[in-house]
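Mapping the sequence shown onto the numbering used here, position 287 (from 1) lands on 294, and the numbers just tick up by one.
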Amino acid sequence: MNKVLILVNITGLIIGISYGLHGPILPVFAKNVIGATYSELGLIGLTNFVPYMFIPLFVGILLDRVNNGYLLAVGAAINSASIYLLSIAQSVPEIMGFRIMTGVAHAFFWPPCESIISNESSEKNRVKNISMFTMFFVSGFMIGPLLGSVLLGVDITYRILFQIAAFILAAAIITSLLASRKSVKKHHEKFSFSSIKEMKRFPEVIVLLVFCTSSFGIILTIYPAFLNDSGMSASDILLLYFIFGISRVVTLALAGKLARKTSQTLIAGTTAVSIGLAISVVADSIFSFGIALVLMGFGFSIFFPLTLEIILSKTRKGISGKIIGAYETVFGMGWAIGPTIGGPITQSFGNESPYLVFCIIGIGVTLFAINFRKKLEPQRILS
């Protein structure tokens, strides 16, 4: 593996640790310390993800014009500041404002990393390298909750936890700048929004992405508070997200092999998410919640490298940066939809209701994927 890919993977690991350290605790902090309702938790999630519906399009254009490492460093700096500011938040609107910053920062993290990896990879090893990067990020997201559980065990407060997460993430600025010195030079493409039109060629992929990211958005923004109300302590929640991380890491380690049967694997992924959501409705112990998160960890992790490969394999390399930006915009749409729907549904119909609703939707999406499985295959490279 070349030095650029190593630096990008290290950057992903650092950011993953920071996200895992503070992410699962934020909804619990907002609910128990700030006094947020489930509807407000949904709004907090919405403000986090709304920027990701738009900013990646502009970042995607920059990816084909500016050194991607510089963009990555900008994202790390904004992200670190936004997490630190959570430690001084005193109200729901303040948290929402700081999460808007996080959403903007995330748009300067994921697309540049994908673009760097795509440019440093051949078409034959692109899935493997993207999966490897995602595995590093998810490994960090797995280590973070475990570290958080230890810190909370020695009476570290939620606010200090956020500050520690911010300082950890700041280290990614250094690795980003180092990557910028070694990454390939970019060619300059004409400014346009052609990537949006390009994404219209993949309606089947978009349907799967919106379902998976919507469900994932709920698991990231509302599920921790749901676990807390179901009798799980803060340490239990962090342990469960550690288990969630293990499932994701194992899945991504196998992504190269699973990519050989892309459509079947994606169908299995939506099925696993649906079953995990169904188990969540009736779960009453850390063991049963753990099973649900293991299943969802598989589904959420496998769809990312495989769907991106479907799109990149059918797109000319000259606009790969912009198509990545458009692809990530679809992510933002899903992540915004999940909390927007999940919060009010929980507030109106009970804690288990959003997981039941999305389970039913997931069954429909799985049937849709089965029907259009031929469209869910990448353009194979003949050896």
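Beta carbons: idealized from backbone N, C-alpha and C, even for Gly.
- Message: Given this structure, state the Cα-to-Cα distance separating ILE85 from GLY23, to the nearest angstrom.
- Response: 15 angstroms
- Query: Roughly how many whole angstroms lie between the Cα atoms of TYR26 and LEU69?
  - Reply: 25 angstroms
- With distances taken from CA atoms, which of VAL288, LEU227 and ALA376 is nearest LEU28? LEU227
- Message: Can you find the residues in the same chain that come closer than 6 angstroms, C-beta to C-beta, to LEU79, ignoring five residues on each side of it along the sequence?
- Response: PRO119 and SER183
- Item | Start and end residues, alpha helix (DSSP H) containing THR228 | 210-228
- Message: Quick test of the definition: if touching needs 3 or more C-beta pairs under 8 angstroms, does the stretch 160-179 touch the stretch 91-110?
- Response: yes
- Task: Would you kindly work out how many angstroms separate the C-alpha atoms of VAL364 and CYS219, rounded to a whole number?
- Result: 13 angstroms
- Query: Looking only at C-alpha atoms, which of ALA186, ILE317 and GLY42 sits nearest to LYS382?
  - Reply: ILE317
- Query: How is THR347 classed by DSSP in three states: helix, strand or coil?
  - Reply: helix
- Query: Where do the ends of the alpha helix (DSSP H) carrying ASN75 lie?
  - Reply: 75-93
- Just how far apart, CA to CA, sit MET103 and SER254? 30 angstroms
- For GLN271, three-class secondary structure by DSSP: helix
- Query: Short check: CB of ILE274 to CB of ARG380, under 8 angstroms?
  - Reply: yes
- Query: Do ILE244 and VAL40 have their C-beta atoms closer together than 8 angstroms?
  - Reply: no
- Message: With H, G and I counted as helix, E and B as strand and the rest as coil, what does DSSP make of LYS382?
- Response: helix
- GLY371 versus ASP162 - alpha carbon distance: 45 angstroms
- Message: For a test of the three-state rule: what should DSSP assign to ASP236, helix, strand or coil?
- Response: helix
- Message: Is the separation between the beta-carbon of ALA285 and that of MET303 shorter than 8 angstroms?
- Response: no
- Relative to the C-alpha of ALA232, which residue among SER320, LYS38 and LYS10 is closest? LYS38
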